[in-house]
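Protein sequences appear in the order of chains E and X.
According to numbering that gives the first Met the number 0, the first sequence is numbered sequentially starting from 0.
According to numbering that gives the first Met the number 0, the second sequence is numbered sequentially starting from 0.
In this text, a Cβ means the ideal position worked out from N, Cα and C, and glycines have one as well.
These numbers come from a predicted model, not from an experiment.
Protein chains: 2
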Amino acid sequence: MADAGSRPRLEDVAARVGLSTASVSLVLRGAPGPSERTRQRVLKAAADLGYQADRNASLLASRRSRLLGVMVDVHSPFHADLVEHLHTAAEEVGYDLVLSTQTRSRDEHTAVETLLAFRSEALILLGPLAPADTLMALHRKAPVVVVGRRMTGTELDVVRTADDDGVGQIVDHLVGLGHRSIAYVDGGKGVIATDRRRGYRTAMRRHGLDEQIRVLHGDHTEAAGERAARQLLDGGQLPTAVAAFNDQSAIGVLAALTRAGVAVPGAVSVAGYDDDALSRLSCFSLTTVSQTAEAQARHAVTAAVERLDEGRTAAREVVLPPRLTVRGSTTVKSA
Amino acid sequence: MADAGSRPRLEDVAARVGLSTASVSLVLRGAPGPSERTRQRVLKAAADLGYQADRNASLLASRRSRLLGVMVDVHSPFHADLVEHLHTAAEEVGYDLVLSTQTRSRDEHTAVETLLAFRSEALILLGPLAPADTLMALHRKAPVVVVGRRMTGTELDVVRTADDDGVGQIVDHLVGLGHRSIAYVDGGKGVIATDRRRGYRTAMRRHGLDEQIRVLHGDHTEAAGERAARQLLDGGQLPTAVAAFNDQSAIGVLAALTRAGVAVPGAVSVAGYDDDALSRLSCFSLTTVSQTAEAQARHAVTAAVERLDEGRTAAREVVLPPRLTVRGSTTVKSA
DNA sequence: ACCAGGACTTAAAGCGCTTTAAAAAGTTCT
DNA sequence: AGAACTTTTTAAAGCGCTTTAAGTCCTGGT
C-alpha cells in the first residue's frame, strides 16, 4: 500500500544533506553551479531516500513542460510502431511523451483536449481525421505535426510517406519479375487511396502497360479484397499479379484465390501495402511496402522541436520514400 | 503557433466576472457553494475565454491526482482493447489514465517510473513480466493491480480470466460436436500455458477421453502451430480436432493442414484462444475464446478505486470466466 | 591588509490551481 | 429592528518544484 505522506520531497533531500532546496534542484537536474562535493552528497541522499521528482510540480514551476502530446489510435499496429520510435526520438532530445488514445467512445477532440490539459507543448497527431480548419485552430494553441496524412494548403507540419511512390515500387518489382497483366484493388475514396491509385496508374504507364491498367473497386478491408478476387475469377481472364491498397485487402485477395484453387504465388502474385503484422505471418508471407515508422517518428519529433526550440514558424512537409519489402507472395511470372 | 502567454488562467476568468478565483474554481469543478447566478456567469466567461484548467496545477494543488497509471505493451492488440475499456471505466468514476508503454527500448521499470513521476495514485499493469517481489516493492509506493497474469502469494490485486476453464469450454464445444480425438498444441512454460494445458487435460478426463489426451509441444507462435501440425500429419493418424494455446498457434496449425490438403473444418476442426484480431479474419474465421477485455478493465479500475477511495487493504483476486466464441473453424465431426 | 572577481549557495517569489477558515450578505423570526 | 442563522464569497496559505537576484566564501593581486 502507498503510505500517503511518505513520498519524499525535494525538501526532505535538502534537509538530509543540510542544503537548500535550490541546490538540490540544481544538482538533480544536472544544472551547472553546484560543486562536485555537493553534487555527490545530494545524489547519494536522493538515492537513499528513493527520491523521485514530481513531474507536475516540476512542469508547473518551470514555464516549460517538455511534453509532446501524441494522439494515437490504439488499435493500429502501425501506430504502435510509431509510438515506440517516438519515445526514443523524444527522449534523445529531452522531451517526454503523453499519449492519448482515440477510441470509439473517445473522439479526437477529447483526446486532444486531454493532451492540452497536460500542457503538451506540441501535438503529434497520428492519422488525424479532423478537417483541416479544425487542425489549424488547434495549431494556434500548440504547434501541430500531422503524421501519415497528406494535407494541402495548411500551415501545419506534415510527415508522411510517398504513397504513389510505394505502389510504384510494387509495380516495378512485379514488372521486374516478368509480369505485365497487373491488376490493382483500390482503397476507396480518401487521400491515401487516391495517391496509391495514382501511383499504380503512373507506374503502369511508365512501363508502357497502359493497356493492362485494371483498377478494381475496393476499400481497406479483407472483404473488399475477396470481392475483387471473385470478380477477377468470374471475369475469365486472371491477371498474373494483383497489387492491393493495403495488406488486409491483399489477404482477402490471397485467400479468395487460394480457395478457388489458384496458386499464390504460383499462378498469381499478390502484393499488399503497409507491412503490418499480418503480412509477416508465414502463412501469408506477403510482399508489401513498409512505411518506415522509425523515420517518420524521428521527423515528427524533429519538426516539433524545431518549432519549439528553434523558432521555426514556416510549415514543413516531409515526404519519405516507402520501402519495398519482398516476401513470398510474389514470384516470377510463370510461363 | 502557440501564443506563449495566451493561455487563459483561472485568474483571467475571475477578473472577467469580477469574482475571486476561489469562486471560479468552485464553479468549474461543480463543487457546491456558488449561487446559480454566479455559476452561469462563470461558465459563460470560461467558455468565452476558452478556458481550460491546467491539470498539473490542479493536481498539484489538490493533494490527489485522480490518475491511474497504466503500463501497456503497445504492440498487443489485446492490450489495446483493454486500454479502451479502462478509459471508459476510469472516466465513469472520475479518474483519468496516464499510459506508459513498454517497448524493446523501454523496459517495465522505466515505464513504471514514468507512471509514478506523473503521480499516478495506483498502477494497473497489463501482463507485467517482473517477478513478484519487484511488484510487491512497487505496491508499497502505490497500489498495484495486475491484469492477466496469475500471481500467488502476494498481496497484490489480480484480475484475470480462468484459462483452464477457457480451454475446458473449447473441449466441451468440440466434444459436443462429436469429436473425441482432440489434440492440444501447448504454449510452452509460463503460468498461462500451464493453466491452459491443465484445462485441456481436465476437460478431456471429464468427458472420459483420457485415452485421447495428446499434448503437442509448442509455444505462442504461428511457427509452433505449423510444426505441431506437421508432426500430426507425419504421425499417420490425424485427430479430428485440434485446440491450440492461442490464436497465432492455431493459425499455424490451420495453415499447415490446409497446405497439406486437409480440409478445415471439413476433416479437422481447429480452435484457438484469445479472440485476437487475427481470429476474426474471414479467411481464418477461427473458433476461439474471448478474454472479455471490458470486464477485466472494469474490475481492474474497481480494484484500484476500492484501494484508493474505500480503504480496502486486503488483496483481492478476480477470476473471470472466459467466453467461447464459435466461428467457422470448428464443425461437427465428419462421419 | 584590502578589494575585485570567481565559485557556490540560498532566500524568496512564483507556476496555476485547491482549500479552508472566516468575512460578507441574505433570510427568517421574534 | 436585532438576534440567529444560512447561504455566498473570498483572503490567504499552500501543493512541490524552478529560478533569479542576492548573498557568502575564497582566491589572488596590489
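Chain E within 9 angstroms of residue 327 of chain X, Cβ atoms only:
no
How long is the line joining the alpha carbons of residue 61 of chain E and residue 82 of chain E, rounded to whole angstroms?
Straight-line Cα distance between these residues: approximately 26 angstroms.
By a C-beta neighbour count over all protein chains shown, 10 Å radius and 16 as the cutoff for buried, is residue 155 of chain X buried or exposed?
buried
Distance, residue 18 of chain E Cα to residue 10 of chain E Cα:
Just so you know, the alpha carbons of residue 10 of chain E and residue 18 of chain E end up roughly 9 angstroms apart.
What first and last residue would you give for the alpha helix (DSSP H) that runs through residue 183 of chain X?
Unbroken run through residue 183 of chain X is the beta strand (DSSP E), 181-184; no alpha helix (DSSP H).
Residue environment, residue 328 of chain X, which counts as buried when at least 16 other CB atoms sit within 10 Å
buried
Output yes if chain X places a C-beta closer than 9 angstroms to the C-beta of residue 131 of chain E; else output no.
no
Would you mind sorting residue 252 of chain E into buried or exposed? The rule is 16 or more other CB atoms within 10 Å of its CB.
buried
Identify which residue in X/151, X/267 and X/129 has its Cα closest to the Cα of residue 317 of chain X.
Closest by alpha carbon: X/151.
Residue range of the beta strand (DSSP E) that residue 316 of chain X falls in?
316-319
Going along the chain, which residues of the segment 212-226 of chain X sit with their C-beta nearer than 8 angstroms to a C-beta in chain E?
221, 222 and 225
Beta-carbon contacts of residue 333 of chain X that lie in its chain and below 8 angstroms, excluding the five residues immediately before and after:
So the qualifying residues of the chain are 239, 265 and 266.
If the criterion is Cβ atoms closer than 9 angstroms, does the pair residue 290 of chain E and residue 165 of chain E meet it?
yes
Own chain, CB closer than 8 angstroms to residue 67 of chain X, minus 5 neighbours either side, in chain order
85, 89, 94, 95, 96, 97, 119, 120, 121, 122, 123, 300 and 303
Exposure of residue 128 of chain E, with buried meaning 16 or more beta-carbon neighbours within 10 Å
exposed
Using a Cβ-Cβ distance cut-off of 9 angstroms, determine whether residue 245 of chain E contacts chain X.
no
When E/313, E/324, E/320 and E/270 are compared against residue 153 of chain E, the one with the closest alpha-carbon:
E/313
Determine the DSSP secondary structure at residue 226 of chain E, reduced to helix, strand or coil.
helix
Starting from residue 52 of chain X, find everything on chain E with Cβ-Cβ shorter than 8 angstroms and list it in chain order.
116
Residue burial classification, residue 234 of chain E (beta-carbon count within 10 angstroms, cutoff 16):
The residue is exposed, with fewer than 16 neighbouring Cβ atoms inside 10 Å.
Same chain, Cβ closer than 8 angstroms to residue 224 of chain X, five either side skipped, listed in chain order:
184, 217, 243, 247, 248, 249, 250, 251, 252, 253, 254 and 255
Could you tell me if residue 190 of chain E is buried or exposed, where buried requires 16 or more neighbouring beta carbons within 10 angstroms of its beta carbon?
exposed
What is the rounded straight-line gap between the Cα of residue 279 of chain E and the Cα of residue 16 of chain E?
About 56 angstroms.
Using a Cβ-Cβ distance under 9 angstroms, would residue 123 of chain E count as near chain X?
no
Neighbouring residues, chain E, relative to residue 254 of chain X (Cβ below 7 angstroms)
At a beta-carbon threshold of 7 angstroms, the residues of chain E lying near residue 254 of chain X are 282, ordered along the chain.
Is the CB-CB distance between residue 171 of chain X and residue 219 of chain X below 9 angstroms?
no
Any beta carbon from chain X within less than 9 angstroms of residue 271 of chain E's own beta carbon?
no
Using 9 angstroms as the threshold, is the C-beta distance between residue 309 of chain X and residue 80 of chain X below it?
no
Contact with chain X by residue 107 of chain E, beta-carbon distance below 9 angstroms
no
With a cut-off of 9 angstroms, does the C-beta of residue 2 of chain E fall near any C-beta of chain X?
In this prediction, residue 2 of chain E has a pLDDT of 41, which is less than 50 and means its spatial position is unreliable; what the coordinates show is noted afterwards. Cβ-Cβ to chain X under 9 angstroms: yes for residue 2 of chain E.
Looking only at its chain, what residues have a beta carbon closer than 7 angstroms to the beta carbon of residue 92 of chain X, apart from the 5 residues adjacent to it on each side?
300 and 304
Identify which residue in E/315, E/24 and E/271 has its Cα closest to the Cα of residue 326 of chain E.
E/271
Helix, strand or coil for residue 70 of chain X, going by three-state DSSP, please let me know.
strand
Among residues of its own chain, excluding the 5 on either side of residue 27 of chain X, which ones have a beta-carbon nearer than 6 angstroms to its beta-carbon?
none
Please name the residue or residues paired with residue 240 of chain X in a DSSP beta bridge.
X/181 and X/268
So which of E/213, E/78, E/297 and E/263 has the shortest CA-CA distance to residue 284 of chain E?
E/263
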